[in-house]
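Reviewing the structure listed below.
Protein chains: 2
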Amino acid sequence: MAATLRDVADLAGVSFKTVSNVVNGYPHIRPATREKVERAIDELGYKPNLSARSLRSGRTGAIALAVPELNLSYFAELAGFVIAAAERADLVTLVEQTGGDRARELALLQSPRLRMTDGLILDPLGMRPEDAAALDVPFPLVVLGERTSDWPSDHVTMRNVDATRAGTEYLIASGRRRIAVIGEHEDEVIGSARLRLRGYREALEAHGIDYDERIVARAALWHRADGARAMRELLDRGAEFDAVFGFNDTLALGAMRVLQEAGLRVPEDVAVLGFDDLDEAAYSIPSLTTVDPGREWIARTAVETLLERIGRGGAELPPRTKLADFRIVERESAPRA
Amino acid sequence: MAATLRDVADLAGVSFKTVSNVVNGYPHIRPATREKVERAIDELGYKPNLSARSLRSGRTGAIALAVPELNLSYFAELAGFVIAAAERADLVTLVEQTGGDRARELALLQSPRLRMTDGLILDPLGMRPEDAAALDVPFPLVVLGERTSDWPSDHVTMRNVDATRAGTEYLIASGRRRIAVIGEHEDEVIGSARLRLRGYREALEAHGIDYDERIVARAALWHRADGARAMRELLDRGAEFDAVFGFNDTLALGAMRVLQEAGLRVPEDVAVLGFDDLDEAAYSIPSLTTVDPGREWIARTAVETLLERIGRGGAELPPRTKLADFRIVERESAPRA
DNA sequence: TCGCGATCCTACAACGATGCATATCGCCGG
DNA sequence: CCGGCGATATGCATCGTTGTAGGATCGCGA
Chain C
1 MAATLRDVAD LAGVSFKTVS NVVNGYPHIR PATREKVERA IDELGYKPNL SARSLRSGRT
61 GAIALAVPEL NLSYFAELAG FVIAAAERAD LVTLVEQTGG DRARELALLQ SPRLRMTDGL
121 ILDPLGMRPE DAAALDVPFP LVVLGERTSD WPSDHVTMRN VDATRAGTEY LIASGRRRIA
181 VIGEHEDEVI GSARLRLRGY REALEAHGID YDERIVARAA LWHRADGARA MRELLDRGAE
241 FDAVFGFNDT LALGAMRVLQ EAGLRVPEDV AVLGFDDLDE AAYSIPSLTT VDPGREWIAR
301 TAVETLLERI GRGGAELPPR TKLADFRIVE RESAPRA
Chain D
1001 MAATLRDVAD LAGVSFKTVS NVVNGYPHIR PATREKVERA IDELGYKPNL SARSLRSGRT
1061 GAIALAVPEL NLSYFAELAG FVIAAAERAD LVTLVEQTGG DRARELALLQ SPRLRMTDGL
1121 ILDPLGMRPE DAAALDVPFP LVVLGERTSD WPSDHVTMRN VDATRAGTEY LIASGRRRIA
1181 VIGEHEDEVI GSARLRLRGY REALEAHGID YDERIVARAA LWHRADGARA MRELLDRGAE
1241 FDAVFGFNDT LALGAMRVLQ EAGLRVPEDV AVLGFDDLDE AAYSIPSLTT VDPGREWIAR
1301 TAVETLLERI GRGGAELPPR TKLADFRIVE RESAPRA
């Protein structure tokens, strides 16, 4: 059996409370006592029982991160950054996958699985504006992704609209006029897909280019295969375009693959722009020009924001929204001008 | 404040232990009582306090997974599978990143951070054979990656040697003779890098091909950038080869990128073979022929194996080794024959 | 009517830690 | 020489749950 405070106390010849004080860095302890206790701790290999500690203290030292799936590189890289940021604050991270499914996202917010954590960072894909009430939970919550005005929680997110507007304008500035889009979600109201489409349309409008539904392709999920499928559809129906804006890098990479299979040259015939700046975007052939939405900043800030709320206990802070800066990373698939 | 068993009991007019019995599915409860209790639970939104439960029961309902980093797609996809498998067994998964660093791997095995879990699945990259003692831990442990004979824990792993031998033979069968390798770790004794090199050498030997150090390139980490760097080195020093075996897909993809920058055609001039069968291997240009080492099976089996040990409590099972089947996935970068 | 087992429910004591209140000591200033 | 204060160590209650043991209630046969 694992050693407890009592065992250590017996060995060191002090009360178990004193051991607790040593472990917790209580200042008023004579060096001699401290040393005796520490020796006993080492000898027994004592490790505090975290269940007991958190039962008593109300803190678990863990946070939860819920993303659609780690199989999508964007979320994997995001998760990596979140875990690293949490670790710096001495927190462990529990990762949940929702599949981007609304029902599972909502279920998770109710689930007792989270009672083991001090708070949740949620990246919802399926939730709708009317789900605001579900976000009114009795634990600290930071939502990643754009907020609607009445969502009650903290938000840390990217400038979806601004970034896609800038991306689209980048393509326009390089001389493209027929810019296809891959990744639309038609039944969505506030998700990234919808916001990115809005940015795209704003840019077109600002430059007097008509919006043409025929070159806007859906993709329910954002895997490579979905991008490939969408591009095949566009090609099959004979759509005309001189650029493609994939609403994320994996879509763009899947699409780029199909373009080249079809004998089209990138970027000569069709420029390709992605979104996310995944590690792999720098190593595709051709390398992928993309929008870096500030993923690492988002991860770090999400953890910080959650910690602020955890720190305050119940003290009410108003819901805050924090926005990352973005930038366009120019590579081969869509050269500037 | 969150509701407790007592609150529910008061509302339902029963003892708090009865509520506990209802929650835990104890069979001998009158339907009327059960219903009363359930109504009270709903009304108060009662959720069991997992810290208290696990303090009392000794089980936490969580497992830990330690991988080098989620930024590497292989580990991200593996983590996704592990989390999914754990969820099916009603376990949550806590993810740690070790950076593949020996010191951090060893530290993790001692860390109180794990006391919050029922067991650990560890994918060590930096540990050495002499670290066997560190694996003798007082909690259930499953190690991913090849075992040395005296490591005391369960192992679930891939057939590194067999798979690379088969991969190398596949290239040989397709007519290649100068097969470069990317990903060697010279200071390693038992890691995947060393084992894969062994498989490679066995295949060469079996076919009477001399091993040539000049076409074996190191890569300490296995990112795309490392593969690219290694390939640049090979090219710079004028190495001659007609195939490249990347010891994982990201290395192979990085290398393939550099090959094509250098004006070499894949597969005509140089065939490229990867290892892992990542999602993205199917969408590169050209698509990547690769060895599928049975990642999903490994994830599922690791969780099952850990659960068996958790179930037994302290009961001694001998350490077991379970090996996944592999297969070669033929794509464009290295066509068969 | 009583006895007896099955069924249903309850009381109490843990699990291992922390917070608070309190004891003990030595030392200083008045 | 005493009161009081800071430094050090302790004891007890408590967090919310489950395990164990035992008390109440019921139906049914004798």
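Sequences listed follow chains C and D, in order.
The numbering of the first sequence is this note's numbering, which starts it at 1 and goes up by one.
The numbering of the second sequence is this note's numbering, which starts it at 1001 and goes up by one.
All residues carry an ideal CB built from backbone N, CA and C; glycine is no exception.
C-beta atoms of residue i and residue j nearer than 8 Å
i, j, result
"D226/C", "L264/C", "no"
"R177/C", "I209/C", "yes"
"M127/C", "P293/C", "no"
"A1299/D", "A1064/D", "no"
"R1237/D", "A1203/D", "no"
"V1161/D", "R1198/D", "yes"
"L78/C", "R224/C", "no"
"G1025/D", "E1069/D", "no"
"A180/C", "V244/C", "yes"
"I215/C", "R1257/D", "no"
"A1002/D", "P138/C", "yes"
"A302/C", "L144/C", "yes"
"G246/C", "L273/C", "yes"
"V270/C", "L288/C", "no"
"D1123/D", "F1075/D", "yes"
"V1291/D", "G1119/D", "no"
"K17/C", "V156/C", "no"
"D154/C", "P319/C", "yes"
"P1152/D", "A1132/D", "yes"
"E182/C", "M231/C", "First, the residue type needs correcting, since residue 182/C is Ile and not Glu in the sequence shown. Yes, they are a contact pair."
"A1193/D", "E1205/D", "no"
"V1019/D", "A1009/D", "yes"
Helix, strand or coil at residue i according to DSSP, with G and I counted as helix
i, result
"T1004/D", "coil"
"T164/C", "helix"
"K36/C", "helix"
"A1220/D", "coil"
"L323/C", "strand"
"E1268/D", "coil"
"V95/C", "strand"
"I1121/D", "strand"
"V1181/D", "strand"
"A1064/D", "strand"
"I29/C", "coil"
"E205/C", "helix"
"V137/C", "coil"
"S1051/D", "helix"
"G254/C", "helix"
"R115/C", "helix"
"Y200/C", "helix"
"A9/C", "helix"
"P318/C", "coil"
"I1285/D", "coil"
"Y1170/D", "helix"
"P1129/D", "helix"
"L1259/D", "helix"
"S1153/D", "coil"
"D42/C", "helix"
Where the alpha helix (DSSP H) through residue i begins and ends
i, result
"D1226/D", "1224-1236"
"V1143/D", "Premise fails: V1143/D lies in the beta strand (DSSP E), 1141-1144, not in any alpha helix (DSSP H)."
"E105/C", "102-110"
"A84/C", "73-88"
Unbroken beta strand (DSSP E) run spanning residue i, endpoints
i, result
"G1246/D", "1243-1246"
"G311/C", "First-last for G311/C: 295-312, but that is the alpha helix (DSSP H), not the beta strand (DSSP E)."
"V1022/D", "No beta strand (DSSP E) contains V1022/D, which is instead part of the alpha helix (DSSP H) from 1016-1023."
One or two residues paired with residue i in a DSSP bridge
i, result
"F275/C", "V291/C"
"A158/C", "The residue asked about is misnamed: residue 158/C is Met in this sequence, not Ala. In the DSSP output, where bridge partners are listed per residue, M158/C has A324/C."
"V329/C", "T290/C"
beta-carbon residue i near the ligand ZN non-hydrogen atom, thresh 7 Å
i, result
"G1254/D", "As far as ligands go, the structure on display features none, and thus does not contain the ligand ZN."
task = Spell out a yes or no on whether the stretch 1050-1057 of chain D and the stretch 47-64 of chain C are touching, meaning 3 or more CB-CB pairs, one atom from each, closer than 8 Å.
result = yes
query = Counting Cβ pairs, one atom from each stretch, are 3 or more of them under 8 Å apart for the stretch 1307-1327 of chain D and the stretch 268-286 of chain C?
reply = no
message = Measuring CB atoms only, is the stretch 1093-1108 of chain D touching the stretch 1041-1048 of chain D, in the sense that at least three cross pairs come out at less than 8 Å?
response = no
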